[in-house]
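The structure under discussion appears below in the form of structure tokens.
Residue numbers (the working numbering): 714 to 1096.
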């Protein structure tokens, strides 16, 4: 949906009385030091609480095909607003900030401001239902150099459990949209970072005891440490790509697997694709964990990874800039003309690109439910 509004000052939007927000404060400088991230153990638990209901709900890629953002034109400037809803009780609202920022950056926007609304059942006292996500949301905004506008509280008839609605505003250039419809035949496809790294850490947190028994405790703990909250921030990588002429589309893998993301992008552009499996990097730990549980890395969500489509010269230029910025990335395939099929190539073998109706993580027994105060079982270290 696109909405055109004439206003003279963006502050009118950010400080609309309907939103009950304060005026934008001074932005915090972005911190890149991994030590500034929240405790990794708590972070991965919160990430799982954020993702689990989404993985249960997303039974196919079709959910991702509908635009879920609103574009606003104010005088000669353009802005994009995107929203996300999460379970208030999970305390995982900070990951909505990363998900929103990444999605807006992939669309060609520059995330600027974030605010939230707590929706409560009419019989619930707001003072007795504090927002456990507030501090974490503020921290995530600081890490992303966003202005945190605060929250409002509202009751909603018919609601049976509290919900947290997060909203984000991004500045945009009208002629700089990165959308799958822009993809063209012979475009190259780039994948950043190693595949299935975050999923491996999630699995290790939930099934550490099994991994410790099957291998050893050190291996299980090493897998757990693969995740860091700062790795979720794709805004800098997307911003670099968005400045290069000939980059056509970007898709983050926060809530979708690589295989399904490729299908989604090709469906939107009505094209086909060929992927070279040898070019997809997988950490040794991720390979071992996936083989142990019988999971296909292509069917796992990959928070922290980004798929980029663009012209050959543009992708070569982007890889050069990524090397300077120390962003790991490789060309993994190319776009084919309509009707040529969607393929995985491994040596001389060519197979169809699979489509996963549920994420591979959902094959595993869930020990950590999306409930507050529940921690993964920890194996005892032998004396």
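Yeah, the Cβ is synthetic: ideal placement off N, Cα and C, and Gly gets one too.
Quick caveat: nothing in here was measured; it's all calculated off a predicted structure.
- The beta carbons of residue 880 and residue 973 sit no closer together than 8 Å.
- Between the stretch 972-990 and the stretch 823-836, the count of C-beta pairs closer than 8 Å stays below three; the two stretches do not touch.
- Secondary structure within the stretch 813-865: the alpha helix (DSSP H) runs of 4 or more consecutive residues, fully enclosed, are 847-856 (chain order).
- If you check the CB distance, residue 937 and residue 921 come in under 8 Å.
- In this model, residue 1029 and residue 995 are separated by some 22 Å (Cα to Cα).
- Residue 759 holds the alpha-carbon nearest to the alpha-carbon of residue 799 among 893, 1078, 759.
- Shown here, residue 955 sits in a helix according to DSSP, grouped into three states.
- Contact between residue 982 and residue 894 is confirmed by a C-beta separation of about 6 Å, below the 8 Å threshold.
- Looking at 980, 908, 954, the one whose alpha-carbon comes closest to that of residue 970 is 908.
- Cα atoms of residue 958 and residue 1027: separation of roughly 7 Å, rounded to the nearest angstrom.
- Here residue 874 is exposed: its Cβ has fewer than 16 other Cβ atoms, across all protein chains shown, within 10 Å.
- If only complete runs of 3 or more residues are kept, the stretch 890-958 shows the beta strand (DSSP E) at 901-905, in order along the chain.
- Under the three-state reduction of DSSP output, residue 1046 falls in the strand class.
- Under the 10 Å beta carbon count, residue 831 is surrounded by 16 or more other beta carbons and is classified as buried.
- In terms of Cβ geometry, residue 868 and residue 1017 do not form a close pair [threshold 8 Å].
- Taking a cut-off of 8 Å for Cβ pairs, the stretch 1002-1012 and the stretch 913-927 touch, as three or more such pairs fall below it.
- Comparing alpha carbon positions, the residue from 819, 837, 1044 closest to residue 947 is 819.
- Going by beta carbons, residue 856 and residue 941 fall outside the 8 Å limit.
- Rounded to whole angstroms, the Cβ separation of residue 965 and residue 1046 is 18 Å, and the two are not in contact under 8 Å.
- DSSP, reduced to helix, strand and coil, places residue 1069 outside both helices and strands of the structure shown, so it counts as coil.
- CA-CA distance, residue 954 to residue 1024, rounds to 12 Å.
- For residue 1075, there is no enclosing beta strand (DSSP E), as DSSP marks it with neither H nor E.
- At a Cβ-Cβ threshold of 8 Å, residue 791 and residue 860 do not count as neighbours.
- When the Cα atoms are used, residue 882 and residue 896 turn out to be separated by approximately 26 Å.
- The distance from the Cβ of residue 1057 to that of residue 1064 is about 5 Å, consistent with a contact at the 8 Å cut-off.
- The residue from 999, 858, 1071 with its alpha-carbon nearest to that of residue 913 is 999.
- Of the residues assessed, residue 1010 falls on the buried side of the cut-off, its CB having 16 or more other CB atoms within 10 angstroms.
- Between the C-alpha atoms of residue 1042 and residue 1035 there is a straight-line separation of about 7 Å.
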